[in-house]
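Taking the working numbering, the leading residue of the sequence shown gets 274, the next gets one more, and so forth. Positions of the beta carbon are idealized from the N, C-alpha and C atoms, including for glycine.
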Amino acid sequence: MRLSDSEKAIRRQIEDWQHADANVLSQAVNWAMSPIDWAVDRVTPPEVVDQASEKISDFLSVLSDASEWTYDAEDVIEAAHKRKLMVETVSELRSERIEDLDALARSRFRENTILAGLSGGGMGMGGAALIAADIPLLFTINFRLIQQIGACYGFPMRGPTFRPLVLSIFNVASSGGREARNEALREVSVAAAAFANDLEYRGRVSGTFRDQNRHLPREIAKALVGRKLAQSVPLAGAAVGAGVNYWFTSETAEAAYMCFRAMYLDWKQRL
274 MRLSDSEKAI RRQIEDWQHA DANVLSQAVN WAMSPIDWAV DRVTPPEVVD
324 QASEKISDFL SVLSDASEWT YDAEDVIEAA HKRKLMVETV SELRSERIED
374 LDALARSRFR ENTILAGLSG GGMGMGGAAL IAADIPLLFT INFRLIQQIG
424 ACYGFPMRGP TFRPLVLSIF NVASSGGREA RNEALREVSV AAAAFANDLE
474 YRGRVSGTFR DQNRHLPREI AKALVGRKLA QSVPLAGAAV GAGVNYWFTS
524 ETAEAAYMCF RAMYLDWKQR L
């Protein structure tokens, strides 16, 4: 199916995002964190670094467990009804205008970024001792956010077969790099083809499920651990914890937003 002029304009926005440098928020965080990163390298015990990395890898590993993929789609459907999108199921949202779905998806941003920021601020007051507890909560909030945004575009992210797509979005959020965005959009294209042809999505990379996703959890952990460990710096913990969680959740929201917009357009073009 051909795209409308407005949909083509959105496609260009996605391409601009794909090839852009790091956004202003990421640049500001990197600048602000530079002196704290220096302090972290000198005051953080190696075992704390290892523990934080392990917590991130552990959470991403459990995405292979189907029980971790439960979420309440009714919340998204109720939000759609408030915007006069009278659908009965998540999948029916694919028949709505992307402009309306964009607004629905953006409505999920604020609640989740604030929740993550409050969590990080509270945990940050506990310093290094609570970093290990904060990481699973941060990733749980962001995992649900990815599912919510996917649902807003009519794509229910249910089941561990979608793990490669979720990991690719997390990788964009943590690294902010162009290559991560390119990889994520390639994964999106495979998922869109599966939805358009009523096929089971299996991920883009060949090989076993474990082999497909072995490197991404390590890359995500490496990119995020340094930021989270800054919570261990005396007097800075609460502010750093809130700021890092807010930053990571904002990046996750933007990455998921762009990826699911791209999936909607790819899906439509394949009909």
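In this structure, Q291 sits away from N444, with a CB-CB distance that is not shorter than 8 Å. Closest in alpha carbon position to L538, among P490, V517, A453 and A464, is A464. Contact between the segment 362 to 380 and the segment 521 to 539 is established, with three or more Cβ pairs separated by less than 8 Å. In this structure, the beta-carbon distance from A389 to I414 falls below 8 Å.
By the criterion of a C-beta distance shorter than 7 Å, S364 is surrounded in its chain by G427 and P429, once the five residues flanking it on both sides are discounted. In this structure, I442 sits near T525, with a CB-CB distance shorter than 8 Å. Going by beta carbons, A457 and A378 fall outside the 8 Å limit. Shown here for S337: same chain residues with a beta carbon closer than 6 Å to its own, the five before and five after excluded, namely P433 in chain order. Rounded to whole angstroms, the separation of the alpha carbons of E460 and K328 is 25 Å. Restricting attention to S279, A512 and A346, the CA atom closest to the CA of C425 is found in A346. Runs of beta strand (DSSP E) with 3 or more residues, each lying fully within the segment 403 to 434, are absent.
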